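In the numbering used here, the protein residues as written are 20 to 495.
Structure first, then comments.
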Amino acid sequence: MYRRRLLLDTLRLFDLILMTWSFFFSMLVVSSGLNLGAFRALLAMRFKLSNFAIFLGFMIFWHAIFSLSELYHSHRLSSMHKEATDVTKATFAGAVLLVVGSFVSNVQLVTLHFVAFFWVSTTLSAIVSRMALRSLLTHMRRRGRNLRTVIIVGANSRALAFAHKIETRPELGYMLKGFVDDAAMNGEIGTARYPLVARLAGLQEFLRQNVVDEVVIALPVKSFYAQAAGIVAMCEDQGILVRLLSDLFNVRIAQTRTEYIDGQPIITIGAGNMDKPTVLLKRLVDICASGLLLLPALPVFLAVAMFIKLTSPGPIFFVQGRLGVNKRLFRLYKFRTMVVDAEKRIRELEHLNEVKGPAFKIKNDPRITPIGRFLRKTSIDELPQLINVLKGDMSLVGPRPLPVRDYEGFDEDWHRRRFSVKPGITCLWQCNGRSNVSFDHWMKLDMEYIDNWSLGLDLKILLMTVPAVIRGSGAA
Numbered sequence: 020m021y022r023r024r025l026l027l028d029t030l031r032l033f034d035l036i037l038m039t040w041s042f043f044f045s046m047l048v049v050s051s052g053l054n055l056g057a058f059r060a061l062l063a064m065r066f067k068l069s070n071f072a073i074f075l076g077f078m079i080f081w082h083a084i085f086s087l088s089e090l091y092h093s094h095r096l097s098s099m100h101k102e103a104t105d106v107t108k109a110t111f112a113g114a115v116l117l118v119v120g121s122f123v124s125n126v127q128l129v130t131l132h133f134v135a136f137f138w139v140s141t142t143l144s145a146i147v148s149r150m151a152l153r154s155l156l157t158h159m160r161r162r163g164r165n166l167r168t169v170i171i172v173g174a175n176s177r178a179l180a181f182a183h184k185i186e187t188r189p190e191l192g193y194m195l196k197g198f199v200d201d202a203a204m205n206g207e208i209g210t211a212r213y214p215l216v217a218r219l220a221g222l223q224e225f226l227r228q229n230v231v232d233e234v235v236i237a238l239p240v241k242s243f244y245a246q247a248a249g250i251v252a253m254c255e256d257q258g259i260l261v262r263l264l265s266d267l268f269n270v271r272i273a274q275t276r277t278e279y280i281d282g283q284p285i286i287t288i289g290a291g292n293m294d295k296p297t298v299l300l301k302r303l304v305d306i307c308a309s310g311l312l313l314l315p316a317l318p319v320f321l322a323v324a325m326f327i328k329l330t331s332p333g334p335i336f337f338v339q340g341r342l343g344v345n346k347r348l349f350r351l352y353k354f355r356t357m358v359v360d361a362e363k364r365i366r367e368l369e370h371l372n373e374v375k376g377p378a379f380k381i382k383n384d385p386r387i388t389p390i391g392r393f394l395r396k397t398s399i400d401e402l403p404q405l406i407n408v409l410k411g412d413m414s415l416v417g418p419r420p421l422p423v424r425d426y427e428g429f430d431e432d433w434h435r436r437r438f439s440v441k442p443g444i445t446c447l448w449q450c451n452g453r454s455n456v457s458f459d460h461w462m463k464l465d466m467e468y469i470d471n472w473s474l475g476l477d478l479k480i481l482l483m484t485v486p487a488v489i490r491g492s493g494a495a
């Protein structure tokens, strides 16, 4: 999901670049064809602050028009024809806005001839760029990349028809895992060559234990409304995208929108607040910040490595599988702060756990090495996670990535919604006492971050983390 958002946010930026290019290219063509002196006057005008402000305002309105035209929603399930039509309507609205704006601001060089050329060039460039993107994504998906794992709830004729559509259109990039239904395996399901992966009563456990990007509900709404509504709530709790082949349900947090596959409307429900243009900027900040911080941190890495080797036998780094977006495993890096067999000794120390819930924390953990206690107190042990940020496994700010052991102890599905976003080095939990905070409150802080996310909140958390680290509050 995160990669999809990143791709759409990149498209937003690219559209603004194309619009700017088309604007000045149109002025070049029209001015050189009419009057070279007029083009020189244009070059002189563009440096004026007032003209810059007008152009900046036009860029903002242009982006708003494209956004309202739903050009930055996923078009995985819609046709190129529909997208091209939406682009044409959006650019036409932008051209009309340009005419009105030039009339109000009395920009004489923006003539009707220029606007017509600008509209044609922006429309063609936007459509061609989207065709190229679709071609690239189709190429990737046909070769098994950029795939999304999906299960279909219901084994009726509508479900089988939808399964056939995504099976015969590999360019959509779906990997159908199977069906969920109370019916026993029958000939109809067998013809689709996909298994019955769970019954309705077992769907919740199946989602907990498997990688699932999307759930498509094809149950008859009139007779299965309660079950379908429960499935929507279940997926909402775990941050899993839902597509409906039927009516819209009342949801508490998730946002809904309608998409189409071969003319069939599909309602998409997704939790979280990160479908914004600033998601791209968040990733760029992660890359730049982690890259810049790793360089001056190299002497610290060397010093810490030396102290670890001198004070405790074993490797320098502690590498552990952690759960990322939609519970995908990745390798998290930390400086080793415990004895080598620390993981094997958890069971014998369970009775000392000081945290209510699945997390495992002991204030005076006997497994911690002498240098490890200092590294934890100062949070220096977390520095290698800048590598995870640079790789894209994590972000600077986000819910802390949890070990598989902790996840297996979850008893509330709403806790699992934390896996709908990329994990981070720091979040609200780190700024509010860390180990001094109960597990349930920790999860609520993660939900607060997900539902209210913005770049401003990220910056606020980063600034709050610095004094928290200096104080060493809640470090264990």
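Quick reminder that beta carbons are idealized off the backbone N, C-alpha and C, glycines included.
None of the values given here were measured: they were computed from a predicted structure.
**OP:** Could you please give the first and the last residue of the uninterrupted alpha helix (DSSP H) stretch that includes T445?
**Re:** Position 426 of the sequence shown holds residue 445. Element bounds for T445: not the alpha helix (DSSP H) but the beta strand (DSSP E), G443 to T445.
Original post:
Is the region 369 to 382 in contact with the region 401 to 410, if contact means three or more CB pairs nearer than 8 angstroms?
Top reply: no
**OP:** Could you tell me how far apart the beta carbons of R153 and M99 are, in whole angstroms, since I believe they sit closer than 8 angstroms?
**Re:** Here residue 153 is taken as the residue at index 134 of the sequence shown, counted from 1. Here residue 99 is taken as the residue at index 80 of the sequence shown, counted from 1. Correct: roughly 6 angstroms between the Cβ atoms.
**OP:** For the region 321 to 400, list the beta strand (DSSP E) runs that are entirely contained and at least 3 residues long, ordered along the chain.
**Re:** 336 to 342 and 348 to 354
Subject >> Boundaries of the alpha helix (DSSP H) in which T168 is found, first to last residue >> reply: Position 149 of the sequence shown, counting from 1, holds the residue named residue 168. Counting along the chain, T168 falls outside any alpha helix (DSSP H), though it belongs to the beta strand (DSSP E) covering R167 to V172.
Original post:
Is it right to say A135 is buried, meaning 16 or more other beta carbons lie within 10 angstroms of its own, or is it exposed?
Top reply: The residue you call residue 135 lines up with position 116 of the sequence shown. Its Cβ having fewer than 16 others within 10 Å, A135 is exposed.
Original post:
For the putative contact between R395 and T356, defined by C-beta atoms under 8 angstroms, what is the C-beta separation to the nearest angstrom?
Top reply: As a position in the sequence shown, residue 395 is number 376, starting the count at 1. As a position in the sequence shown, residue 356 is number 337, starting the count at 1. Indeed, because the Cβ distance is near 5 angstroms, the residues count as touching under 8 angstroms.
Subject >> Straight-line Cα distance separating L260 from L87 >> reply: What you label residue 87 is simply residue 68 of the sequence shown in a count that begins at 1. What you label residue 260 is simply residue 241 of the sequence shown in a count that begins at 1. The alpha-carbon atoms of L87 and L260 are separated by roughly 22 angstroms.
Original post:
If you pair each beta-carbon of the region 419 to 435 with each one of the region 249 to 257, do three or more pairs fall below 8 angstroms?
Top reply: yes
**OP:** Go ahead and label C307 buried or exposed: buried means 16 or more other beta carbons lie within 10 angstroms of its beta carbon, across all protein chains shown.
**Re:** For the purposes of this step, residue 307 is taken as residue 288 along the sequence shown, with counting starting at 1. Exposed, because fewer than 16 other Cβ atoms sit within 10 Å of the Cβ of C307.
Original post:
Hey, how far is the Cα of T130 from the Cα of H92?
Top reply: Counting from one through the sequence shown, the residue named residue 130 turns up at place 111. Counting from one through the sequence shown, the residue named residue 92 turns up at place 73. Answer to the nearest angstrom: the Cα atoms are 33 angstroms apart.
Original post:
Closer than 8 angstroms, CB to CB, is T168 near chain C or not?
Top reply: In summary, chain C is missing from the structure at hand, where a single protein chain is found.
Subject >> As assigned by DSSP and simplified to three states, the class of Y91 >> reply: Looking up residue 91 in the sequence shown gives position 72. Reduced to three states, the DSSP call for Y91 is coil.
**OP:** Would you identify the three-state DSSP class for Y213, choosing helix, strand or coil?
**Re:** Along the sequence shown, one-based indexing puts residue 213 at 194. The answer is coil: DSSP assigns Y213 none of H, G, I, E or B.
**OP:** State whether the region 138 to 146 contacts the region 31 to 51, with contact taken as three or more CB pairs (one from each stretch) at a distance under 8 angstroms.
**Re:** yes
Original post:
Looking only at its own chain, which residues have a Cβ that is under 8 angstroms from the Cβ of P385, when we skip the five neighbours before and after it?
Top reply: Mapped onto the sequence shown, residue 385 falls at position 366. The residues are L368.
Original post:
Can you tell me the Cα-Cα spacing of I489 and Q228, whole angstroms?
Top reply: Within the sequence shown, the letter at position 470 stands for residue 489. Within the sequence shown, the letter at position 209 stands for residue 228. Those two C-alpha atoms are separated by around 38 angstroms.
**OP:** With distances taken Cα to Cα, identify the nearest neighbour of S331 among H460, G391, L117 and K353.
**Re:** As a working note, residue 331 is residue 312 in the sequence shown. If we check each option's Cα against that of S331, G391 comes out closest.
Subject >> Three-state class that DSSP yields for P189 in the structure shown >> reply: To locate residue 189, count along the sequence shown from 1; it is residue 170. In the structure shown, P189 sits in a helix (DSSP, three-state: H, G or I).
**OP:** Let me know the secondary structure DSSP gives E233 once reduced to three states.
**Re:** For the purposes of this step, residue 233 is identified with residue 214 of the sequence shown, where counting begins at 1. If DSSP states are grouped into helix, strand and coil, E233 belongs with the strands.
Original post:
Helix, strand or coil for R164 per DSSP?
Top reply: Within the sequence shown, residue 164 is the residue found at index 145, counting from 1. R164 falls in the coil class under three-state DSSP.
Subject >> Whether F336 touches K353 by CB criterion (8 angstroms) >> reply: Locating residue 336 in the sequence shown gives position 317, counting from the first residue. Locating residue 353 in the sequence shown gives position 334, counting from the first residue. Contact: yes.
Subject >> Sequence-distant residues of its chain with Cβ nearer than 6 angstroms to V323 (five each side left out) >> reply: Numbered from its first residue, the sequence shown carries residue 323 at position 304. Excluding positions up to five away in sequence, the list reads F354.
Subject >> Endpoints, the alpha helix (DSSP H) within which L509 is located >> reply: Residue 509 is absent from the model: the chain starts at 20 and stops at 495.
**OP:** Report all residues from its chain with a CB closer than 7 angstroms to the CB of L342; omit the five preceding and five following residues, and keep chain order.
**Re:** Position 323 of the sequence shown, counting from 1, holds the residue named residue 342. Closer than 7 angstroms at Cβ, skipping near neighbours: L348, P420, L421, V423, Y426 and F438.
Original post:
What residues match up with R262 in a beta bridge as DSSP calls it?
Top reply: Start at 1 with the first residue of the sequence shown, and residue 262 comes out as number 243. Answer by DSSP bridge pairing, in chain order: V235 and T287.
Original post:
beta strand (DSSP E) containing V416: first to last residue?
Top reply: To locate residue 416, count along the sequence shown from 1; it is residue 397. From DSSP, the beta strand (DSSP E) with V416 extends over S414 to V416.
**OP:** Can you give me the Cβ contacts of D400 inside the same chain, cut-off strictly under 6 angstroms, excluding the 5 residues immediately before and after it?
**Re:** Counting from 1 along the sequence shown, the entry for residue 400 is found at position 381. Contacts found: K353, F354, T356 and L394.
Original post:
Under the three-state reduction of DSSP, which class applies to L156: helix, strand or coil?
Top reply: As a first step, residue 156 is located in the sequence shown; it is residue number 137 there, counting from the start. Note: L156 maps to helix in three-state DSSP.
Original post:
H82 to R31, Cα distance in whole Å?
Top reply: Start at 1 with the first residue of the sequence shown, and residue 82 comes out as number 63. Start at 1 with the first residue of the sequence shown, and residue 31 comes out as number 12. Roughly 8 angstroms between the two C-alpha positions.
Original post:
According to DSSP, is G310 helix, strand or coil?
Top reply: Here residue 310 is taken as the residue at index 291 of the sequence shown, counted from 1. Helix.
Original post:
So which of G289, N451, I286 and G333 has the shortest CA-CA distance to I480?
Top reply: Position 461 of the sequence shown, counted from the first residue, corresponds to residue 480. I480 has its Cα closest to that of N451, out of G289, N451, I286 and G333.
Original post:
Under 8 angstroms between the Cβ atoms of V235 and L191?
Top reply: In the sequence shown, counting from the first residue as 1, residue 235 sits at position 216. In the sequence shown, counting from the first residue as 1, residue 191 sits at position 172. Not in contact: V235 and L191 (Cβ atoms no closer than 8 angstroms).
Subject >> For P315, three-class secondary structure by DSSP >> reply: Within the sequence shown, the letter at position 296 stands for residue 315. Helix at P315.
Subject >> Backbone secondary structure at L195 - three-state DSSP >> reply: On the sequence shown, position 176 is the one that residue 195 refers to. DSSP places L195 in strand when its eight states are reduced to three.
Original post:
Shortest alpha-carbon distance to L90 belongs to which of R436, M159 and R149?
Top reply: For this step, residue 90 is matched to residue 71 along the sequence shown. Here the closest residue by C-alpha is R149.
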